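Here the structure is laid out as structure tokens; the discussion comes afterwards.
Right, here's the structure in full:
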């Protein structure tokens, strides 16, 4: 499946590997635009809408399928090997891509995600969102009020608002039904055959207040990604890049400048 891509590049192209951005669950490529625009001052960049998100096609979702989508899209855009930056679900796709197709990946930056099963209530949220009844017409304020009946966090509502078609005949633009049916796969971590290792440079960035990377994950991170380092951003949670974009961008650009 070829995915929707937002591409940006510097005025003068160079030979450095391009940088591919992969968003998290309920996100889309443009969520990472702040970072893409800055990296694009020096390097070619591609921000990708994963399947069932943004302007990409919909379909049953699991990590092998999503990873193959990204591989096919990168190859179609002549963007290999590339540095991959993935947050949350996009981080799992990035890690599996590096393990299954190391020739396509020059380095990895993983935002607050471990190579492990991580279930923190997303299944319930998907089902709650499916139960929402849209009126015949909807503006942004009305959509925010509708979401507030099932989503307490304004930050999460802002993310979800990007996936609602406003105006007449409002509805979801993302493949919410496919996401809900695939949520067990999305919260899981796929089987990785023994011996699959990515030994390129990897940076894990975790939020101090997030449960997604903890000490129980350190052994598997070392086993699969022996050349990794872990940085912790203070006073932020899972949406670390949105809560403190300046610090996240510093970690990201410093790492990319070295590779």
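In the numbering used here, the protein residues as written are 469 to 727. C-beta: ideal position from N, C-alpha, C; glycine also. The structure presented is a predicted model; accordingly, all values stated were derived computationally and were not measured.
Spatial neighbours of residue 539 within its chain, please: CB distance less than 7 Å, with the 5 preceding and 5 following residues excluded, ordered by chain position. Position 71 of the chain shown, counted from the start, is the residue given in the question as residue 539. 565, 569, 572.
Buried versus exposed call for residue 491 [16 or more other C-beta atoms within 10 Å across all chains shown]: Reading the chain shown from its first residue, position 23 is the one you call residue 491. The residue in question, residue 491, is buried, as its Cβ has 16 or more Cβ neighbours within 10 Å.
CA nearest to the CA of residue 707, picked from 518, 695, 508, 495: The sequence position of residue 707 within the chain shown is 239, counting from 1. Taking only the C-alpha atoms, the option nearest residue 707 is 495.
Give the range of the beta strand (DSSP E) segment to which residue 554 is assigned. Numbered from 1 along the chain shown, position 86 holds the residue referred to as residue 554. That run of the beta strand (DSSP E) goes 550 to 555.
At what residues does the alpha helix (DSSP H) containing residue 611 begin and finish? Counted from its first residue, the chain shown places residue 611 at position 143. Note, residue 611: alpha helix (DSSP H), 608 to 615.
Alpha helix (DSSP H) segment containing residue 542, residue limits: Walking along the chain shown from the start, residue 542 turns up at place 74. Here the alpha helix (DSSP H) through residue 542 covers 531 to 544.
Should the segment 576 to 591 be regarded as contacting the segment 550 to 558, the criterion being three or more beta carbon pairs within less than 8 Å? yes
On the DSSP letters alone, give me the boundaries of the beta strand (DSSP E) that residue 709 sits inside. As a first step, residue 709 is located in the chain shown; it is residue number 241 there, counting from the start. Run containing residue 709: none in the beta strand (DSSP E); it sits in the alpha helix (DSSP H), 708 to 711.
Are there three or more Cβ pairs, one per stretch, closer than 8 Å when the segment 469 to 477 is compared with the segment 526 to 545? yes
Just to confirm, are residue 697 and residue 671 a CB contact at a threshold of 8 Å? In the chain shown, counting from the first residue as 1, residue 697 sits at position 229. In the chain shown, counting from the first residue as 1, residue 671 sits at position 203. The beta carbons of residue 697 and residue 671 sit closer together than 8 Å.
For residue 650, which of helix, strand or coil comes out of DSSP? As a working mapping, residue 650 is identified with position 182 in the chain shown. In this structure, residue 650 counts as helix in the three-state DSSP scheme.
How should residue 517 be labelled, buried or exposed, when 16 other C-beta atoms within 10 angstroms of its C-beta is the threshold for buried? One-based indexing of the chain shown puts residue 517 at position 49. Residue 517 comes out buried.
Just to confirm, is the Cβ distance from residue 629 to residue 594 under 8 Å? Residue numbering aside, residue 629 sits at position 161 when the chain shown is read from its first letter. Residue numbering aside, residue 594 sits at position 126 when the chain shown is read from its first letter. The criterion of a C-beta distance shorter than 8 Å is not satisfied by residue 629 and residue 594.
Going by DSSP in three states, residue 513 sits in which element: helix, strand or coil? Looking up residue 513 in the chain shown gives position 45. Strand at residue 513.
With a CB to CB cut of under 7 Å and the five nearest residues on each side skipped, what residues in its chain are close to residue 712? Against the chain shown, residue 712 aligns to sequence position 244. Hits under 7 Å: 701, 704.
Cα-Cα, which of 549, 500, 591, 505 is closest to residue 655? Against the chain shown, residue 655 aligns to sequence position 187. If we check each option's Cα against that of residue 655, 591 comes out closest.
Which residue marks the beginning of the alpha helix (DSSP H) containing residue 627, and which one marks its end? In the chain shown, the residue the question calls residue 627 occupies position 159. Taken as a continuous stretch (DSSP letters only), the alpha helix (DSSP H) holding residue 627 covers 622 to 629.
Bridge partners of residue 475, per DSSP? For the purposes of this step, residue 475 is taken as the residue at position 7 of the chain shown. Looking at the DSSP assignment, residue 475 forms a beta bridge with 514.
Relative to the ligand FAD, is the shortest distance from any of its heavy atoms to the C-beta of residue 572 smaller than 7 Å? Summarising the ligand content, the structure contains no ligands, and the ligand FAD is consequently not present.
Kindly confirm or deny that the segment 634 to 650 and the segment 497 to 516 touch, where touching means at least three C-beta pairs closer than 8 Å. no
Does the beta-carbon of residue 586 have 16 or more other beta-carbons within 10 angstroms, so that it is buried, or is it exposed? Taking the chain shown and counting its residues from 1, one reaches residue 586 at position 118. Buried, because 16 or more other Cβ atoms sit within 10 Å of the Cβ of residue 586.
May I have the straight-line CA-CA distance separating residue 607 from residue 618, to the nearest angstrom? For the purposes of this step, residue 607 is identified with residue 139 of the chain shown, where counting begins at 1. For the purposes of this step, residue 618 is identified with residue 150 of the chain shown, where counting begins at 1. Residue 607 and residue 618 have their C-alpha atoms some 18 Å from each other.
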